[in-house]
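Student: In my numbering, the protein residues as written are 29 to 464.
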Amino acid sequence: MRVLSSQVKDHVGQSVHIEGWLHKKRLLGGLTFINVRDRQGLVQVVIQDKDEVEKLRGLQIGTVLAVDGTVKEEPRAPGGAELHDAKLEVLVPVEAEPPIEIDKPLSHKPDNLDTLFDHRVLGLRNLQEQKVFKIRAGLLRFLRDFLTDHEFVEINTPKILAGATEGGAEVFKVDYFGREAVLAQSPQFYKQIMVGAYERVFEIAPAYRAELSATSRHVSEVYMLDLEMGFIEGHEDVLDMVQDMTYFALTNIYKEFADELKSLNAPELVLKEKFPRYTVAEVHEMYTKATGTDTTKEKDLIPDEERWICDHAKKNEGSDAVFVTHFPVEAMKFYHMVNPDDPTTVMWGDLLFRGLEIATCPQREHHYDKLVEQMKKAGIDPEHPGFKYYLQAFKHGLPAHGGCGFGVDRLVEKTVGLSNVKEAILFPRDINRLTP
RNA sequence: GGGCUCGUAGUGAAGAGGCCUAUCACGCCUCCCUGUCACGGAGGAGAUCGCCGGUUCAAAUCCGGUCGGGCCCGCCA
């Protein structure tokens with residue numbers, strides 16, 4: 029029976045059978061060490077028999093092996109135990125030399141990202157690289173746990189759409205049996221529709237953006253956590269939910285993956301249960317005062333302001349995360365709700381984390397007549413067949429609601445302390461890259 | 001879409017008119033090595049310096065073009 033790497037130390041004195049990949053060879057003459065990698069990590073195997081060592085000749089890193097040996101307690105071995113009197117069996121021989129070395133840190137320098145992704149298939153066998161995606165999986169698990177605990181129903185909505193979209197980002201056009209369809213740039217309409225059924229829903233799925241953006245924070249296939257909640261008493265309810273969810277996921281990931289985050293040189297988590305909140309106007313004012321660059325005429329935050337306000341909040345409020353609220357109406361989309369107390373601003377807040385926009389969290393206009401009016405004002409035809417089913421949900425009763433589009437890739441990037449969102453994605457898609 | 005940058009063995013880097021018949025490290029191959037864990041030591045193979053053209057007695061190096069990356073801005077998560 030196969031014993032996994034983390035269990036080896038529980039079998040001291042016993043004969044065990046392990047299987048995995050040849051991860052590293054160290055030949056010291058009469059003594060040879062090899063590391064065998066399995067899903068849990070590495071096992072050190074000591075080989076002294078010349079015939080057994082000879083089996084490794086010509087075999088490259090990546091060879092799939094079975095090893096039978098006796099577990100010996102050994103303080104000099106990583107993990108405190110290792111296999112002795114090893115008998116090797118090559119399950120899948122590998123003779124091709126790997127194009128990259130997986131037992132050493134991979135270069136994440138911007139200039140070398142192309143190589144990193146070209147060799148992604150093998151690079152992901154690097155233990156450090158694997159940690160990034162274990163942390164990603166952990167974050168997704170905590171986000172799901174939180175939302176499930178708060179009675180959100182996980183939904184799955186179509187990614188091939190008939191054409192009408194929320195506007196904003198460019199869409200990919202696809203041939204749909206001879207008709208033109210588009211890839212969903214967001215589940216916006218569907219999640220709002222589903223508020224009419226479940227009150228609280230969320231979806232974790234890719235969204236497709238055909239923007240010609242070439243930056244360290246954009247990809248054309250982005251993993252979004254979309255949530256939407258009904259019967260809110262105000263916009264604050266949405267911000268509070270997103271805040272609590274983010275706090276839950278981050279504090280738990282820093283607990284469960286403390287060692288991994290440390291070994292990846294992730295920044296220390298600086299967070300309080302309540303995230304500081306500033307209005308866009310306040311940020312413009314503070315930034316202009318602090319830097320001398322006048323942003324008070326901007327309708328949105330400029331990227332440098334996002335970095336600045338996060339630095340400011342970290343230093344002065346002890347928080348890596350901040351909300352920026354009250355975006356001006358000039359930036360609104362037709363389905364946003366205008367601030368009833370101040371028609372120049374929208375019930376819309378962005379969540380920023382470590383200098384980067386992570387989520388956008390608006391309240392929606394839920395009154396049918398008002399929504400139709402806002403569509404017309406935005407130059408959108410409410411009679412367009414693509415909006416028929418969306419509007420139907422409103423016509424037949426939607427409560428006050430709001431939610432967020434939350435960039436999972438960016439959260440992973442900033443949690444781990446990576447410098448490009450693509451490093452947080454197994455197989456990233458951008459304006460240039462369609463493989464692997 | 002705009003601006004700025006970078007392309008040198010499989011990988012990561014050095015070289016910035018002649019010292020280049022291109023250097024180093026890792027990896028690979030051969031040999032030595034009984035406690036390595038980025039093992040160590042000796043030797044070897046591996047690059048028409050992204051591509052095309054130009055300037056020059058002479059180009060990896062300067063210029064123009066082209067192809068492929070990266071970063072920033074715009075847009076957005």
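Virtual Cβ for every residue (Gly too), placed ideally from N, Cα, C.
All of these numbers come straight from a predicted model, not from anything done at the bench.
Given V23, which residues of its chain have a CB within under 7 Å of its CB, disregarding the five upstream and five downstream residues?
Tutor: No answer is possible for residue 23: it lies beyond the span of the chain, which begins at 29 and ends at 464.
Student: Please classify Q72: does DSSP put it in a helix, a strand, or coil?
Tutor: The answer is strand: DSSP assigns Q72 an E or B state.
Student: Counting only the same chain and skipping the five closest in sequence on each side, list residues whose C-beta sits under 7 Å from that of F535.
Tutor: As shown, the chain starts at 29 and ends at 464. That puts residue 535 outside it, with no answer to give.
Student: What residue range is occupied by the uninterrupted beta strand (DSSP E) comprising T98?
Tutor: V92 to E101
Student: Below 8 Å between beta carbons: does that hold for T98 and L116?
Tutor: Between T98 and L116, the C-beta gap is not smaller than 8 Å, which leaves the two residues out of contact.
Student: At 3 residues or longer, what runs of the beta strand (DSSP E) sit wholly inside the stretch 273 to 308?
Tutor: 305 to 307
Student: Tell me which residues share the same chain as V298 and place their Cβ nearer than 8 Å to its Cβ, disregarding the 5 neighbours each side in the sequence.
Tutor: K342, G346, S347 and D348
Student: Count the other CB atoms, across all protein chains shown, that sit within 10 Å of the CB of A225; report buried if there are 16 or more and exposed otherwise.
Tutor: A225 should be labelled exposed.
Student: Identify whether E198 lies in helix, strand or coil by the three-state DSSP scheme.
Tutor: Collapsing the DSSP output to three states places E198 in coil.
Student: Cα separation between D96 and V64?
Tutor: 12 Å
Student: For the alpha helix (DSSP H) that D113 lies in, which residues bound it at each end?
Tutor: That residue, D113, is in no alpha helix (DSSP H); its beta strand (DSSP E) goes A109 to V120.
Student: For G108 and K283, what's the separation of their Cα atoms in angstroms?
Tutor: Within the model, the alpha-carbon separation for G108 versus K283 is close to 24 Å.
Student: Quick one, which of L55, V71, L56 and G57 has its alpha-carbon nearest H45's?
Tutor: V71
Student: Identify whether K137 lies in helix, strand or coil by the three-state DSSP scheme.
Tutor: Coil at K137, not helix or strand.
Student: Hey, A93 and E47 are a contact pair by Cβ (cut 8 Å); roughly how many whole angstroms apart?
Tutor: This sequence places Leu at residue 93; Ala is not what is there. At roughly 7 Å, the Cβ-Cβ gap stays under 8 Å, so L93 and E47 are in contact.
Student: Considering only residues of the stretch 299 to 368, which uninterrupted beta strand (DSSP E) runs meet the minimum length of 3 residues and lie entirely inside it, listed in chain order?
Tutor: 305 to 307 and 349 to 353
Student: Among D397, G433 and T321, which has the Cα closest to the Cα of P390?
Tutor: G433
Student: Quick check: the Cα distance between F415 and M29, rounded to an integer number of angstroms?
Tutor: 58 Å
Student: Give every residue of the same chain whose Cβ lies closer than 8 Å to the Cβ of V40, excluding the five residues on either side of it in the sequence, and list them in chain order.
Tutor: V99, K100, E101 and A109
Student: Return the Cβ separation of F217 and Y418 in integer angstroms, given the expectation that the two are a contact with Cβ distance under 8 Å.
Tutor: 4 Å
Student: So what's E451 in DSSP terms, helix, strand or just coil?
Tutor: Correct three-state label for E451: helix.
Student: What are the uninterrupted segments assigned as beta strand (DSSP E) that are 3 or more residues long and contained completely in the stretch 206 to 269, given in chain order?
Tutor: Restricted to the stretch 206 to 269, the beta strand (DSSP E) segments that are unbroken, complete and at least 3 residues in length are 207 to 211, 228 to 236 and 249 to 258, listed in chain order.
Student: Pull up the CB-CB distance for D437 and V247, whole angstroms please, since I reckon it's below 8 Å.
Tutor: 7 Å
Student: With DSSP as the reference, identify every bridge partner of Q391, one or two as the case may be.
Tutor: Q391 is bridged to G430.
Student: For T185 versus P138, is the C-beta spacing smaller than 8 Å?
Tutor: no
Student: Alpha carbons only, please: which of L59, R245, K290 and L150 is nearest the one belonging to V444?
Tutor: Looking at the Cα atoms, K290 is the closest of the given residues.
Student: Hey, is the stretch 264 to 280 in contact with the stretch 164 to 177, meaning 3+ C-beta pairs nearer than 8 Å?
Tutor: Contact check between the stretch 264 to 280 and the stretch 164 to 177: three or more CB pairs, one atom from each, fall below 8 Å, which counts as touching.
Student: Look up L419 in the DSSP assignment and say whether it is helix, strand or coil.
Tutor: Under the three-state reduction of DSSP output, L419 falls in the helix class.
Student: For I128, which of V160, D458 and N140 has the nearest alpha-carbon?
Tutor: N140
Student: Classify R228 as buried or exposed, calling it buried when 16 or more other Cβ atoms lie within 10 Å of its own Cβ.
Tutor: buried
Student: Name the one or two DSSP bridge partners that F180 has.
Tutor: Answer is none; F180 lacks a bridge partner.
Student: How many angstroms separate the CA atom of E358 from the CA atom of L446?
Tutor: 33 Å
Student: Thinking C-alpha only, which one of K423, F355 and E334 is nearest M375?
Tutor: F355
Student: Count the other CB atoms within 10 Å of the CB of I145; is the residue buried (16 or more) or exposed (fewer)?
Tutor: For the record, residue 145 in the displayed sequence is Phe; it is not Ile. So F145 ends up on the buried side.
Student: How would you label L267, buried or exposed, when you count the other beta carbons within 10 angstroms and need 16 or more for buried?
Tutor: buried
Student: For F205, count neighbouring Cβ atoms within 10 angstroms of its own Cβ and tell me buried if that reaches 16, exposed if not.
Tutor: exposed
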